[in-house]
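Colleague: Below you will find the structure I want to go over with you.
Here is the structure:
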């Protein structure tokens, strides 16, 4: 396994924020502490934090974290690339590859870091639509070239000059593309971290995923119809004393087809959400096509599963109508018909559970 180090650039003045970004609270730690803990959890070693402005305070904060601390004494007149060179110089000979991280991207997930670490290419970076994010990974040869680079635009300029060697890894992790330059952006990161703490995206986090997923318009409208149906079912259950998480139902229903167009789209959608830090929504999405088992009482997973079966396109239909179309498609294959019949019977049993749940 390749040894992967990391360099965190934390020498900046935080001038746009109006507060010292590395020491702002984030989850159980500071911004810097959270980022270091996440990288350590993904087995990045060694980790260098390059300090500068208010360096003594940040160094005290990280004194027991096991990272290597290097001071950029010229932080007021230098650029981020200068800090990276200091970090690279300290560990370049110890690593096969190095992750590059500015300190103000604490919401990037460990799953995103893992994907970048495991991608075998001289240079790797994250991408979502037309945006590029962090971490950026350089192998040892690229690290040495970056240390010698004297062109314009810092790391970005270096990457442009090596574009034939750059591999972009598409991720749906908002934290990879969101930094904390301003107070508004910092509040956005806190809200994003809060959504992950709940296990499903809501508010701006949900909006971001829907916007960046590339979901076709027809799929988006179908998902909205499924969400309306699922919420209606969940609200109805409350009248009978079964209180589901309405926000979770809405979120999972809107995202249930986020993997549409790819093989085993339910599994692919679950992977997207899991890697983005939303395990509860991911589990519902994984089962929206086929349930692992039929619960004794209606829950969020069953409601989203059934709502998807009771909506065709944007139109509500009965189970019989929904499955009749599938029956015609499967008619020429015995194996396909057996699979169809299994899925039809599962949907019937799920509907019976729903009906018994509202008959209490």
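Residue numbers (this note's numbering): 30 to 389.
Note that the Cβ used here is the ideal one computed from N, Cα and C, for glycine as well.
None of these values were measured; they are calculated from a predicted model.
Do residue 281 and residue 340 come within 8 Å of each other at the CB atom, strictly closer than that value?
Modeller: no
Colleague: Does the count of Cβ pairs from the stretch 128-136 and the stretch 55-66 closer than 8 Å reach three?
Modeller: Put simply, the stretch 128-136 touches the stretch 55-66. At least three CB pairs are less than 8 Å apart.
Colleague: In the DSSP assignment, the alpha helix (DSSP H) including residue 241 goes from what residue to what residue?
Modeller: Here the alpha helix (DSSP H) through residue 241 covers 232-241.
Colleague: Quick check: the stretch 298-315 against the stretch 248-264, are at least 3 beta-carbon pairs closer than 8 Å?
Modeller: no
Colleague: Would you call the stretch 33-53 and the stretch 206-223 in contact, with 3 or more CB pairs under 8 Å?
Modeller: yes
Colleague: DSSP three-state call for residue 392: helix, strand or coil?
Modeller: Shown here, the chain extends from 30 to 389; a query on residue 392 therefore has no answer.
Colleague: Look at the Cβ atom of residue 110, then the Cβ atom of residue 218, and state whether they are nearer than 8 Å.
Modeller: no
Colleague: Consult DSSP for residue 59 and reduce its assignment to one of helix, strand or coil.
Modeller: DSSP places residue 59 in strand when its eight states are reduced to three.
Colleague: Measure the alpha-carbon distance for residue 167 versus residue 194 and round it to whole angstroms.
Modeller: Near 10 Å, if we compare the C-alpha coordinates of residue 194 and residue 167.
Colleague: Look at the alpha carbon of residue 178 and the alpha carbon of residue 201, and state the distance between them as a whole number of angstroms.
Modeller: Within the model, the alpha-carbon separation for residue 178 versus residue 201 is close to 31 Å.
Colleague: Among 126, 387, 93, which residue has its Cα nearest to the Cα of residue 264?
Modeller: 387
Colleague: How is residue 261 classed by DSSP in three states: helix, strand or coil?
Modeller: It is helical.
Colleague: Buried or exposed: which applies to residue 146, given that a residue is buried once 16 or more other Cβ atoms fall within 10 Å of its Cβ?
Modeller: buried
Colleague: Distance check for residue 250 and residue 342, CA to CA, integer angstroms please.
Modeller: If you take the alpha carbons of residue 342 and residue 250, they lie about 8 Å apart.
Colleague: Could you give the DSSP three-state label for residue 111: helix, strand or coil?
Modeller: helix
Colleague: Could you check if residue 124 is buried or exposed, using at least 16 other CB atoms within 10 Å of its CB as the buried criterion?
Modeller: buried
Colleague: Between 161, 94, 84, which lies nearest to residue 104 when the distance is taken from Cα to Cα?
Modeller: Checked all of 161, 94, 84; the closest Cα to residue 104 is 84.
Colleague: For residue 270, name the three-state secondary structure that DSSP assigns.
Modeller: coil
Colleague: Are residue 338 and residue 310 touching if we call contact CB-CB under 8 Å?
Modeller: no
Colleague: Output needed for residue 228: all residues of its chain with C-beta closer than 8 Å, excluding positions within five of it in sequence on either side, in chain order.
Modeller: 277, 307, 308, 309, 310
Colleague: For residue 36 and residue 127, which I take to be in contact (beta-carbon distance under 8 Å), what is that distance rounded to the nearest angstrom?
Modeller: Confirmed, about 6 Å.
Colleague: Helix, strand or coil, according to DSSP, for residue 120 in the structure here?
Modeller: helix
Colleague: Please report the Cβ distance between residue 77 and residue 97, rounded to the nearest whole angstrom; I am assuming they are in contact, meaning their Cβ atoms lie under 8 Å.
Modeller: 5 Å
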